[in-house]
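Q: This is the structure, below, for whatever I ask next.
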Amino acid sequence: MAIPHLQAVESAAAWQDAAWDAVVLVTSRFELASIDGLGPVVQRIRDVDGGLGGGVSLHRVEAAAGRRLVISPAGPLERDEDDVRRIGDAAKRGLRRARDAGARRPLLLVESLPRPIPGFERAGEVAVLEGLAGLWAPLEAREAKGESEVEPVEQLGFVGTSDQAVQLSALEHARRISRDLGGTEPERMAPPRFADYIVDAFRGSDVSVEVRDDVDTLGQAYPLLSSVARASIPVQRHRPRVIRMRWRSEGPIAHSLFLAGKAVTYDTGGADLKTGGVMAGMSRDKGGGASVAGLFWALSQLKPKGWQVVAEIGAVRNSIGAESFVSDEIITGHSGVRVRIGNTDAEGRLVLADLLSHMREEAVNAPGPVLMSVATLTGHSARAVGPYSIALDNGPARDAGWGQRLFQSGERWADPLELSTLRREDFAMVEPRSAADDVLSSNNAASTATPRGHQFPMAFLAVASGLDRHGRTGNPPLPFTHIDIGGSFAEGGDWQHGNPTGAPVLALIGALRQ
Numbered sequence: 027m028a029i030p031h032l033q034a035v036e037s038a039a040a041w042q043d044a045a046w047d048a049v050v051l052v053t054s055r056f057e058l059a060s061i062d063g064l065g066p067v068v069q070r071i072r073d074v075d076g077g078l079g080g081g082v083s084l085h086r087v088e089a090a091a092g093r094r095l096v097i098s099p100a101g102p103l104e105r106d107e108d109d110v111r112r113i114g115d116a117a118k119r120g121l122r123r124a125r126d127a128g129a130r131r132p133l134l135l136v137e138s139l140p141r142p143i144p145g146f147e148r149a150g151e152v153a154v155l156e157g158l159a160g161l162w163a164p165l166e167a168r169e170a171k172g173e174s175e176v177e178p179v180e181q182l183g184f185v186g187t188s189d190q191a192v193q194l195s196a197l198e199h200a201r202r203i204s205r206d207l208g209g210t211e212p213e214r215m216a217p218p219r220f221a222d223y224i225v226d227a228f229r230g231s232d233v234s235v236e237v238r239d240d241v242d243t244l245g246q247a248y249p250l251l252s253s254v255a256r257a258s259i260p261v262q263r264h265r266p267r268v269i270r271m272r273w274r275s276e277g278p279i280a281h282s283l284f285l286a287g288k289a290v291t292y293d294t295g296g297a298d299l300k301t302g303g304v305m306a307g308m309s310r311d312k313g314g315g316a317s318v319a320g321l322f323w324a325l326s327q328l329k330p331k332g333w334q335v336v337a338e339i340g341a342v343r344n345s346i347g348a349e350s351f352v353s354d355e356i357i358t359g360h361s362g363v364r365v366r367i368g369n370t371d372a373e374g375r376l377v378l379a380d381l382l383s384h385m386r387e388e389a390v391n392a393p394g395p396v397l398m399s400v401a402t403l404t405g406h407s408a409r410a411v412g413p414y415s416i417a418l419d420n421g422p423a424r425d426a427g428w429g430q431r432l433f434q435s436g437e438r439w440a441d442p443l444e445l446s447t448l449r450r451e452d453f454a455m456v457e458p459r460s461a462a463d464d465v466l467s468s469n470n471a472a473s474t475a476t477p478r479g480h481q482f483p484m485a486f487l488a489v490a491s492g493l494d495r496h497g498r499t500g501n502p503p504l505p506f507t508h509i510d511i512g513g514s515f516a517e518g519g520d521w522q523h524g525n526p527t528g529a530p531v532l533a534l535i536g537a538l539r540q
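Sequential numbering from 27 applies to the sequence shown in our numbering.
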């Protein structure tokens, strides 16, 4: 991976240091007295350019490193609607401009805030991370053209410490794993190759990876997942995989996180085929599993104390063919719950239900258990909240404040989530309509056209996985938070062409380190 080497400098006075070949200045107020000598330079530019501040601009400045000064305005920061993403977005725009101008060793400077602003505590780190995100290029491009051509920036300087440089590099590496897995085209990242990428990425680390690939064994242990994969099994290169990952910190374990990640490497909709052009972008339906894998890199490098983390990622292809599962089938999941299929395009929840059922069995006897699922599960999430992840808690998770914990972490790290609530109507939506089954997977309308279209799938997950037996009155109660990244995993909501974001890796690792 061609992640630029991060180099911390002691102060912004390095803007004249010949070690760099461009200076990228992120500013909101253009008050730069704290940066020796740079304030007058910017003021002279403003004197002749009244439009400065309207967009990214590149200026030849003889005293600046590389004679290049990129000014990237962040805009206002203190209105009710502003958050730290304004700093991150400006850094991203500025570093892209410097790269396009030929810079290979830019120095990133962020104007000091006039006073502490809630939510901006990590503004400098966010600037570095979002700047790095803007320099990422797709795996297919790196493999076809070479990393040095499509990711030419070699080094990135910022004002900070060497420890921060190590931590930020680890976080970016984690998100790059997520982007590579989630954003790569469906043949390059078909289930077997998805699993291979993870095995290769974690070879030599303290993360254990086990790949389950025997079709008969998967059919018995993951019957709902295997039903989704049924039409893909005749094609060897599309056969399903379950990837099991485990990480444990040194010392006593007080908390256990169990994760289920949806990695539908391509979603045709199955027998309920996606039509009208909406199949484009469905190679991104593996974003949940991709981000779960990325989180493990952050765990392996940052090592939050007192945690063990276990995950299962279901990598399957929802193909169309003679072997396709169909609506009206009744399939008994790993939990023993009989599921009536309402629509084969609601396949991700079936994958997650089996994974969560396995995680539930382990969580019952684990210290301080928490369960989470991460998935690009519904279009309704994007319709409801736009480009944000959504967190939904069951009763025990709400009592423990897990959704709020993720929310606060996301606000600090520019990886924001909205909070939603599980209601009785959601369970009513999936109630069985006859004695033949125990739960209905979905209605037969698009989630975007269904009231509470992102909430009721969590009710299904709770019932189909057996987690409904572990609510507030369960034995034992098990906190369970579902994270829907249907609106947040692709930039601009562009599922076919938008860069994958790596959401919610930063929010998750931040919550575990609180």
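We treat Cβ as the ideally placed atom computed from N, Cα and C, and that holds for glycine.
With distances taken Cα to Cα, identify the nearest neighbour of glutamine 181 among Ala100, Arg539, Gly128, Pro413.
A: Sequence index remark: in the sequence shown, residue 181 carries index 155 (1-based). Comparing Cα-Cα distances from glutamine 181 to each of Ala100, Arg539, Gly128, Pro413, the minimum goes to Gly128.
Q: Identify every run of the beta strand (DSSP E) within the segment 142-203, keeping only runs that are complete inside it and at least 3 residues long; order them along the chain.
A: Listed in chain order, the complete beta strand (DSSP E) runs (minimum 3 residues) inside the segment 142-203 are 181-185.
Q: Could you compute how far the alpha carbon of valine 396 sits from the alpha carbon of tryptophan 323?
A: Taking the sequence shown and counting its residues from 1, one reaches residue 396 at position 370. Taking the sequence shown and counting its residues from 1, one reaches residue 323 at position 297. Cα to Cα, valine 396 sits roughly 20 Å from tryptophan 323.
Q: Just how far apart, CA to CA, sit leucine 121 and arginine 343?
A: If you number the sequence shown from 1, residue 121 lands on position 95. If you number the sequence shown from 1, residue 343 lands on position 317. If you take the alpha carbons of leucine 121 and arginine 343, they lie about 37 Å apart.
Q: Using CA coordinates, which residue listed in Val335, Ala537, Ala38 is at the minimum distance from leucine 283?
A: The sequence position of residue 283 within the sequence shown is 257, counting from 1. Checking every option, the nearest Cα to that of leucine 283 belongs to Val335.
Q: Please go through the segment 295-381 and give each complete beta strand (DSSP E) segment of 3 or more residues, from N-terminal end onward.
A: Entirely contained in the segment 295-381, the beta strand (DSSP E) runs reaching 3 residues are, in chain order, 333-344, 356-358, 364-366.
Q: One question on the structure: do proline 266 and proline 212 come within less than 7 Å of each other, judged by their Cβ atoms?
A: In the sequence shown, counting from the first residue as 1, residue 266 sits at position 240. In the sequence shown, counting from the first residue as 1, residue 212 sits at position 186. Contact: no.
Q: Give me the DSSP bridge partner(s) of histidine 508.
A: Position 482 of the sequence shown, counted from the start, is the residue given in the question as residue 508. DSSP lists Ser399, Leu418 as partners of histidine 508.
Q: My assumption, with CB atoms under 8 Å, is that arginine 424 sits in contact with alanine 537. Please give the rounded CB distance.
A: Position 398 of the sequence shown holds residue 424. Position 511 of the sequence shown holds residue 537. Incorrect: roughly 15 Å between the Cβ atoms, too far for contact.
Q: Can you name the start and end residues of the alpha helix (DSSP H) that proline 217 belongs to?
A: Within the sequence shown, the letter at position 191 stands for residue 217. From DSSP, the alpha helix (DSSP H) with proline 217 extends over 217-228.
Q: At the level of alpha carbons, what is the spacing between glutamate 166 and aspartate 206?
A: Residue 166 sits at position 140 when you count from the first residue of the sequence shown. Residue 206 sits at position 180 when you count from the first residue of the sequence shown. Using only the alpha carbons, I get a separation of about 9 Å.
Q: Would you give the residue range spanned by the beta strand (DSSP E) that arginine 270 belongs to?
A: Reading the sequence shown from its first residue, position 244 is the one you call residue 270. 267-274 is the span of the beta strand (DSSP E), which, as asked, contains arginine 270.
Q: Can you list, in chain order, the residues of its chain whose CB lies under 8 Å from that of serine 326, leaving out five sequence neighbours each side?
A: The count along the sequence shown starts at 1 and reaches residue 326 at position 300. Once the five neighbours on either side are set aside, the close Cβ partners of serine 326 are Phe228, Ser231, Asp232, Val233, Trp273.
Q: Starting from aspartate 73 and walking both ways along the beta strand (DSSP E), at which residues does that stretch end?
A: Here residue 73 corresponds to residue number 47 of the sequence shown, with the count starting at 1. Segment 64-74 is the alpha helix (DSSP H) holding aspartate 73; no beta strand (DSSP E) there.
Q: Taking C-alpha atoms, which residue in Gly368, Val87, Gly303, Ala159 lies nearest to arginine 459?
A: Translated into positions along the sequence shown, residue 459 becomes position 433. Comparing Cα positions, the closest option is Gly368.
Q: Buried or exposed: which applies to arginine 450, given that a residue is buried once 16 or more other Cβ atoms fall within 10 Å of its Cβ?
A: The residue given as residue 450 occupies position 424 in the sequence shown. Result: exposed.
Q: Over the uninterrupted alpha helix (DSSP H) stretch that includes glutamine 246, give me the two end residues.
A: By 1-based counting over the sequence shown, the position of residue 246 is 220. Per DSSP, glutamine 246 belongs to the alpha helix (DSSP H) from 241-247.
Q: With which residues is glutamate 236 paired in a DSSP beta bridge?
A: Working through the sequence shown from its first residue, we reach residue 236 at position 210. DSSP, once it has assigned bridges, lists Arg270 as partnering glutamate 236.
Q: Run through the DSSP bridge pairs and tell me what arginine 125 is partnered with.
A: For this step, residue 125 is matched to residue 99 along the sequence shown. Its beta-bridge partners do not exist; DSSP assigns none.
Q: For isoleucine 203, is the classification buried or exposed, using 16 other Cβ atoms within 10 angstroms of its Cβ as the cut-off for buried?
A: Locating residue 203 in the sequence shown gives position 177, counting from the first residue. Buried.
Q: Since valine 290 sits in a beta bridge, which residues does DSSP pair it with?
A: Here the question's residue 290 lines up with position 264 in the sequence shown. The partner list for valine 290 (beta bridge, DSSP) reads Val342.
Q: In terms of residue numbering, what span does the beta strand (DSSP E) encompassing glutamate 451 cover?
A: One-based indexing of the sequence shown puts residue 451 at position 425. Glutamate 451 -> not in any beta strand (DSSP E); alpha helix (DSSP H) instead, spanning 450-455.
Q: How is the beta strand (DSSP E) around serine 83 delimited, first residue to last?
A: Along the sequence shown, read from residue 1 onward, the residue named residue 83 stands at position 57. From DSSP, the beta strand (DSSP E) with serine 83 extends over 83-86.
Q: In three-state DSSP terms, what is isoleucine 97?
A: As a working mapping, residue 97 is identified with position 71 in the sequence shown. The answer is strand: DSSP assigns isoleucine 97 an E or B state.
Q: Suppose only complete runs of 3+ residues qualify. What are the beta strand (DSSP E) ranges in the segment 458-532, listed by chain order?
A: Runs of the beta strand (DSSP E) inside the segment 458-532: 506-510.
Q: Of the choices Glu107, Leu84, Leu103, Ala471, whose alpha-carbon is the least far from that of isoleucine 97?
A: For the purposes of this step, residue 97 is identified with residue 71 of the sequence shown, where counting begins at 1. For isoleucine 97, the nearest C-alpha among the options comes from Leu84.
Q: From arginine 438 to isoleucine 113, what does the alpha carbon distance come to, in whole angstroms?
A: Walking along the sequence shown from the start, residue 438 turns up at place 412. Walking along the sequence shown from the start, residue 113 turns up at place 87. Taking the straight line from one Cα to the other gives about 12 Å.
Q: For a test of the three-state rule: what should DSSP assign to alanine 34, helix, strand or coil?
A: Taking the sequence shown and counting its residues from 1, the one referred to as residue 34 is at position 8. Strand at alanine 34.
Q: Counting Cβ pairs, one atom from each stretch, are 3 or more of them under 8 Å apart for the segment 394-412 and the segment 503-520?
A: The answer is yes - the segment 503-520 touches the segment 394-412, with three or more Cβ pairs under 8 Å.
Q: Does the Cβ-Cβ distance between serine 361 and serine 383 come in under 7 Å?
A: For the purposes of this step, residue 361 is identified with residue 335 of the sequence shown, where counting begins at 1. For the purposes of this step, residue 383 is identified with residue 357 of the sequence shown, where counting begins at 1. Going by C-beta atoms, serine 361 is nearer than 7 Å to serine 383.
Q: Going by DSSP, what residue range makes up the alpha helix (DSSP H) through alanine 408?
A: Indexing the sequence shown from 1 puts residue 408 at position 382. Counting along the chain, the alpha helix (DSSP H) containing alanine 408 begins and ends at 405-411.
Q: From Glu147, Leu443, Thr187, Asp115, pick the residue whose C-alpha is nearest to that of alanine 38; which is it?
A: In the sequence shown, the residue the question calls residue 38 occupies position 12. The candidate whose alpha carbon is nearest that of alanine 38 is Thr187.
Q: Classify alanine 48 as helix, strand or coil using the three-state DSSP reduction.
A: As a position in the sequence shown, residue 48 is number 22, starting the count at 1. Three-state result, alanine 48: strand.
Q: Return the CA-CA distance between methionine 308 and tryptophan 521, expressed in angstroms with no decimal places.
A: Looking up residue 308 in the sequence shown gives position 282. Looking up residue 521 in the sequence shown gives position 495. When rounded, the distance between both Cα atoms is 7 Å.
Q: In the DSSP output, which residue or residues are listed as bridge partners for threonine 53?
A: Here residue 53 refers to the residue found at position 27 when the sequence shown is read from its first residue. Paired residues: Pro99.
Q: Determine which residues share a DSSP beta bridge with serine 282 and list them.
A: Here residue 282 refers to the residue found at position 256 when the sequence shown is read from its first residue. Per DSSP, Gln334, Pro395.
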